[in-house]
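Everything on this sheet refers to the single structure shown next.
2 protein chains.
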Amino acid sequence: MAEPLRIGLAGLGTVGTGVVRLLETNHDLIAARAGRELKIVAVSARDRNRDRGIDLSGFAWEDDMANLAARGDVDVVVELVGGSDGPALELARKTLARGKALVTANKAMIAHHGLELAEAAEERDVALKFEAAVAGGIPVVKGLREGTSANALERIYGILNGTCNYILSTMEDTGADFAEVLADAQRLGYAEADPTFDIEGVDAAHKLAILAAIGFGARIDFEAVRATGITSVGAADIAQADALGYVIRLIAMADVEPGENGTPTLLQRVRPCLVSKEHPLSGVDGPTNAVVAEGNFSGRLLFQGAGAGEGPTASAVVADLIDIARDEVGAPFSIPVAQLKAMPPTESGHRIESTYIRFTVADRPGVLAEITAAMRDAGVSIESLIQKGRAEGGGDVLVAMVTHEGPERSVRAALELLDGSESLTAQPLVLPILRD
Amino acid sequence: MAEPLRIGLAGLGTVGTGVVRLLETNHDLIAARAGRELKIVAVSARDRNRDRGIDLSGFAWEDDMANLAARGDVDVVVELVGGSDGPALELARKTLARGKALVTANKAMIAHHGLELAEAAEERDVALKFEAAVAGGIPVVKGLREGTSANALERIYGILNGTCNYILSTMEDTGADFAEVLADAQRLGYAEADPTFDIEGVDAAHKLAILAAIGFGARIDFEAVRATGITSVGAADIAQADALGYVIRLIAMADVEPGENGTPTLLQRVRPCLVSKEHPLSGVDGPTNAVVAEGNFSGRLLFQGAGAGEGPTASAVVADLIDIARDEVGAPFSIPVAQLKAMPPTESGHRIESTYIRFTVADRPGVLAEITAAMRDAGVSIESLIQKGRAEGGGDVLVAMVTHEGPERSVRAALELLDGSESLTAQPLVLPILRD
Chain F
2 MAEPLRIGLA
12 GLGTVGTGVV
22 RLLETNHDLI
32 AARAGRELKI
42 VAVSARDRNR
52 DRGIDLSGFA
62 WEDDMANLAA
72 RGDVDVVVEL
82 VGGSDGPALE
92 LARKTLARGK
102 ALVTANKAMI
112 AHHGLELAEA
122 AEERDVALKF
132 EAAVAGGIPV
142 VKGLREGTSA
152 NALERIYGIL
162 NGTCNYILST
172 MEDTGADFAE
182 VLADAQRLGY
192 AEADPTFDIE
202 GVDAAHKLAI
212 LAAIGFGARI
222 DFEAVRATGI
232 TSVGAADIAQ
242 ADALGYVIRL
252 IAMADVEPGE
262 NGTPTLLQRV
272 RPCLVSKEHP
282 LSGVDGPTNA
292 VVAEGNFSGR
302 LLFQGAGAGE
312 GPTASAVVAD
322 LIDIARDEVG
332 APFSIPVAQL
342 KAMPPTESGH
352 RIESTYIRFT
362 VADRPGVLAE
372 ITAAMRDAGV
382 SIESLIQKGR
392 AEGGGDVLVA
402 MVTHEGPERS
412 VRAALELLDG
422 SESLTAQPLV
432 LPILRD
Chain V
2 MAEPLRIGLA
12 GLGTVGTGVV
22 RLLETNHDLI
32 AARAGRELKI
42 VAVSARDRNR
52 DRGIDLSGFA
62 WEDDMANLAA
72 RGDVDVVVEL
82 VGGSDGPALE
92 LARKTLARGK
102 ALVTANKAMI
112 AHHGLELAEA
122 AEERDVALKF
132 EAAVAGGIPV
142 VKGLREGTSA
152 NALERIYGIL
162 NGTCNYILST
172 MEDTGADFAE
182 VLADAQRLGY
192 AEADPTFDIE
202 GVDAAHKLAI
212 LAAIGFGARI
222 DFEAVRATGI
232 TSVGAADIAQ
242 ADALGYVIRL
252 IAMADVEPGE
262 NGTPTLLQRV
272 RPCLVSKEHP
282 LSGVDGPTNA
292 VVAEGNFSGR
302 LLFQGAGAGE
312 GPTASAVVAD
322 LIDIARDEVG
332 APFSIPVAQL
342 KAMPPTESGH
352 RIESTYIRFT
362 VADRPGVLAE
372 ITAAMRDAGV
382 SIESLIQKGR
392 AEGGGDVLVA
402 MVTHEGPERS
412 VRAALELLDG
422 SESLTAQPLV
432 LPILRD
C-alpha cells in the first residue's frame, strides 16, 4: 500500500471532531477504498484544553493554524474553522501556495473567494475540494461536477438550508407560527442562537452560488444572488397553501437565460415558494436537504439527504480526502477558472411564473374591488382567490390569491398600484409557485 | 488542450445512437469539462444500412466489433451491445487485454463477469466503468464508489426496474390488473415484447448485485440474489395496501449481517414490498428509479431519476467517458478485486420483519379460524386483518393481514401448516413491509 495521506486539521468543533471520529471508526475500510491510510498528523483549534470527547494525544498541536500549511509532514489541510475571511482564508491561501491540497466545508469562503482559491489550486495542480460546503452529506458537488458532466443543465434548484426546512415543515405539521417554531428549533439545536444567516436565506445563497458556478460553468457570483428569507411566511399562508395543494419551502434556484443580444445571463434566487404536493421536493421534511438538477439528456435528477450535522458533514469531508488519496484532483469548479464565463444576472421581470399573493387588509367594503382592479390594470390574471376573516375576529382580513402564469413584472406593477392604499394593513407577501 | 479521447463505439441501438447525439449536441461543454475533445472514431453494429436518424459518415465502420479493440486510433471502447456473454464479453476482454479503457451499460455482463473484467482492468491500470448499467442516468455507481466512500454502509436498497415501477404505480392509479397494465406498458414502450427479465426481477437483481459489491466491498455474487417478481401482485393487494397506508413497489435490497461465527454474510433480495406512504420511495412513480444508501456517518441518502431511456443512459455513458478523459481511473468496484470479500448469502430465516399476507380462500365457515390458528401455532402475531368478499360476488374471498414484527421463518412455518389446506384456493402472497 502507498504512503499514508497525512492530514493537518484546523477546527475541532462539531464537524472537526466528527472527522476525527469518522477516520478512526471506519479506518480500515477507508484505507482499502483510498488505497492508503488517511492519517491525521496535526490539529489546531482555539482551545487546546476543551474536552471534546476525542483523544488528541496522537496528533501534533499547532496553536497557530496557519502553521499547518507549513509543516513538512502535512500533505493536505482540512479547514473547518469557518468565516469567509480571516484565519480560514489565510490558511487556505497558505496551503495552496505551498502546493498542498485543501479540503473545506466553508461555504462562505468558497462563495466569496472560490475563484481565487481555485486558480491557486489549478496553478499548482493540487486539489481544492468542498463537498461539505453544500448540502452536508449529500454528494451533490460531485453529482454536478461528475455525475451530470455530460449535460447542459437547464435548472438547478433545491432545499439547501435545513434550519428553514425544519421550521417550515414544523409550522406545517403543528400550525404554529414562525417565531414559536424558531424558538423551539433553537432549543433543539436545529437553529443557531443567531439564526440570521439561515432564516434570511444567506446560507442557502452561498450554497446556490457554488452549485450554479459548477453546473453552468459560470464565474461564481454570490453578490448577484437575490435572497428572500422565510420570516414573512405565516401560519395562515401555510394553511392556505395546503388547501390549494401546496407546501411552502425555501427554494434556491439557478438557471441560465438568454439576455438582450442573446448573451447568457444567470438567474440565482433564494425564495420561499409554494411547491406542488406532486413535486418530489414537497416531501422533504425536517432538516433534510435536496437538490434537483435537470440536464438536457439526463432529465431530472434528485439528490436528497441530511444537510448538516456532525456525521453527514464529516462524511463529505472524508469523501473528498479519499478522492485526493486516489489522486483524483480535477478543476474545483469542473471547468478551469480561466474558462468559466462571467454571466450577468438575469433581469427577472420577464420571467413567466404563477404566483401566490397574500394581502392583509382592513375589513371594510370595497377592498376586494380595489385589489382586483389593480390586478386587472396591471394585466394579472387571477386563477383563484380566497378571502378569509381572521380567527380572532374583527380587525384584519386575509385575501390570498393564485395568479395564472404571467410575467413577474406584472405582479410587481399591480402591487405598485396598490402601494400606499389604506386598505392594506401590511406588506403583501408574494411567493412563486413551483409546479413541476 | 490535450489530445482527443478517441472512442470506438459498439452498438447503435437506442443508447448507442443516444451517445452519438449527446456527444454532438453537447460537444463544446463536454470538451471544456473533460479538458479534451471526446471523439468517436469508429463504430460497429449489426446492420450498417439501417436508418438511425444520425450521420455515421464521419466514423470508420467495423463489421466485426471485436476489431474496435485492435484499432490503433481507439483509446476507449464503449460496449452497448448487451448480453452477458457472447460478442459483448469477447469485446470487453479484448479491449482490456490491449490495455484500453472500457465503458459499458451491460448490467448482465458486469453481474456475471464483473470481477474477471475488473481484474483485467486493474492489472493494466485502465478504466472499466459501468455507470449506465445501474439506474440509467442516476449517478449511483459513482455515488457509492465515491460519494459515500467514507461510510460503512448499513443498507442499500431501492427501485431499480422502471418497467415494474411503471406497472405497479399505474395499477395503483387506475385500479387495473397486472396483465392489462403490462399490455399497455408494452404498447407504450415501457415494457419489452418479452418482459420476463423485468417482471421476474432478474434485471433488478443484476443491478443489485453490482451495487452490493461496490457498497459492501463484496465479491459480486449474482447467483445469490433471491428475486421474486411482480406477477403475483393483484389489483386487490394494491387496494388493500393503500387502505393500510402503503404502496407496493419492487424493492431491491442488500445488507450485511453477521452470520454464524460472526462472519459477515450478504443479503441480496428483490421483492415486491409494501412501502409506507411516509417513506421517500413511496412517491417514486412511473419508470423512475431511486436508490437509498444508509451510511454510518452520512445517514440516509437518496438518489432519484430516470432509470432508462436514450438520453439518461447516454448521459451516464458519457459521464464515464469524461471521467476517463480526466484520467480518473480507480478500482471499478471501489476496492481492488483482490481485496473484495467473499461473503456467503445470509440465512434469512431469523430476520425480523413485518409482513403482509394475502390469502385467497373459499367462502365457507371455519376458514378464518383455520388461518388464525396456524398463525398462532407458528408464533406469528397479527397486527390487523381484513376479510373481503370479491367484487364479482360468490366464489373466492380475500383475507389480508399485516403481522407484527417477527422472524421471517415463523411466517414460513405458518404457511407450511396451511399447505394443502382445502380452504386456500390459491397460493398465499407474502410481501414484506418497508416502514423506514
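One line per chain: the protein sequences are F and V, in this order.
Start counting the first sequence at 2; every next residue gets the next number (my numbering).
Start counting the second sequence at 2; every next residue gets the next number (my numbering).
Where is the CB? At the ideal position from N, CA and C, for every residue including glycine.
Listing by chain order, which chain F residues have their CB less than 7 Å from the CB of residue i?
| i | result |
| --- | --- |
| R334 (chain V) | Here residue 334 (chain V) is Phe; the residue named in the question, Arg, does not match the sequence. Neighbours of F334 (chain V) on chain F: none; closest Cβ ~10 Å, over 7 Å. |
| R327 (chain V) | G331 |
| Q85 (chain V) | Checking the displayed sequence, the identity of residue 85 (chain V) turns out to be Ser instead of Gln. The contacting residues do not exist; S85 (chain V) stays about 26 Å from chain F at best. |
Would you identify the three-state DSSP class for residue i, choosing helix, strand or coil?
| i | result |
| --- | --- |
| T264 (chain F) | coil |
| K208 (chain F) | helix |
| F360 (chain V) | strand |
| Y191 (chain V) | coil |
| S382 (chain F) | coil |
| E173 (chain V) | helix |
| A11 (chain V) | strand |
| E63 (chain V) | coil |
| K342 (chain V) | strand |
| K130 (chain V) | strand |
| D238 (chain F) | helix |
| V135 (chain V) | coil |
| S316 (chain V) | helix |
| G163 (chain F) | helix |
| L435 (chain V) | strand |
| L57 (chain V) | coil |
| A370 (chain F) | helix |
| R146 (chain F) | helix |
| I200 (chain F) | helix |
| S283 (chain V) | helix |
| R272 (chain F) | strand |
| R413 (chain V) | helix |
| A184 (chain V) | helix |
| A309 (chain F) | coil |
| R227 (chain V) | strand |
| A219 (chain V) | strand |
| V141 (chain V) | helix |
Tell me residue i's beta-bridge partners as DSSP assigns them.
| i | result |
| --- | --- |
| F304 (chain V) | F:F304 and V:V292 |
| Q83 (chain F) | For the sequence presented, residue 83 (chain F) should be read as Gly rather than Gln. G83 (chain F) is not bridged to any residue. |
| S277 (chain F) | F:Y247 |
| E258 (chain F) | F:T266 |
| Y158 (chain F) | F:M254 and F:V293 |
| L399 (chain V) | V:T361 and V:K389 |
| P408 (chain V) | V:I353 |
| I41 (chain V) | V:I8 |
| L425 (chain F) | F:V362 |
| V330 (chain F) | BP columns for V330 (chain F) are empty, so no partner. |
So which residues on chain V does residue i lean against when the C-beta distance must stay under 9 Å?
| i | result |
| --- | --- |
| A320 (chain F) | E147, G148, T149, S150, A151, N152 and S299 |
| A307 (chain F) | S299, G300, R301 and L302 |
| A33 (chain F) | G218, S335, I336, P337 and Q340 |
Using a Cβ cut-off of 9 Å, pull out every chain F residue sitting near residue i, in sequence order please.
| i | result |
| --- | --- |
| K143 (chain V) | P140, K143, G144, E147 and G148 |
| S385 (chain V) | Near S385 (chain V) there are no residues of chain F at all, since even the closest Cβ is about 25 Å away, more than 9 Å. |
Going along chain F in order, which residues have a C-beta closer than 8 Å to the C-beta of residue i?
| i | result |
| --- | --- |
| A177 (chain V) | Simply none; closest approach about 21 Å. |
| I323 (chain V) | E147, S150 and A151 |
| P313 (chain V) | F298, S299 and G300 |
| N27 (chain V) | A151, N152, A153, N297 and F298 |
List the residues of chain V whose Cβ lies closer than 7 Å to the Cβ of residue i, in chain order.
| i | result |
| --- | --- |
| L81 (chain F) | The premise fails here: L81 (chain F) is roughly 15 Å from chain V at the closest Cβ pair, so nothing lies under 7 Å. |
| L443 (chain F) | As displayed, chain F neither begins before 2 nor continues past 437, which places residue 443 (chain F) out of reach and without an answer. |
Run through chain V and tell me which residues come within less than 8 Å of residue i, C-beta to C-beta.
| i | result |
| --- | --- |
| K156 (chain F) | The sequence shown places Arg at residue 156 (chain F), not Lys. Here the premise fails: no neighbours, minimum Cβ distance about 14 Å. |
| L23 (chain F) | A151 and F298 |
Positions along the region 42 to 67 of chain F whose CB lies within less than 7 Å of some CB in chain V: none
Length at least 3, wholly inside the region 95 to 119 of chain V: the beta strand (DSSP E) runs in chain order: 102 to 105
Interfacial residues, the region 99 to 110 of chain F to chain V, with Cβ spacing under 9 Å: none
Interfacial residues, the region 263 to 289 of chain V to chain F, with Cβ spacing under 8 Å: P281 and G284
Selection of the region 170 to 204 of chain F by Cβ proximity to chain V, strictly under 8 Å: none
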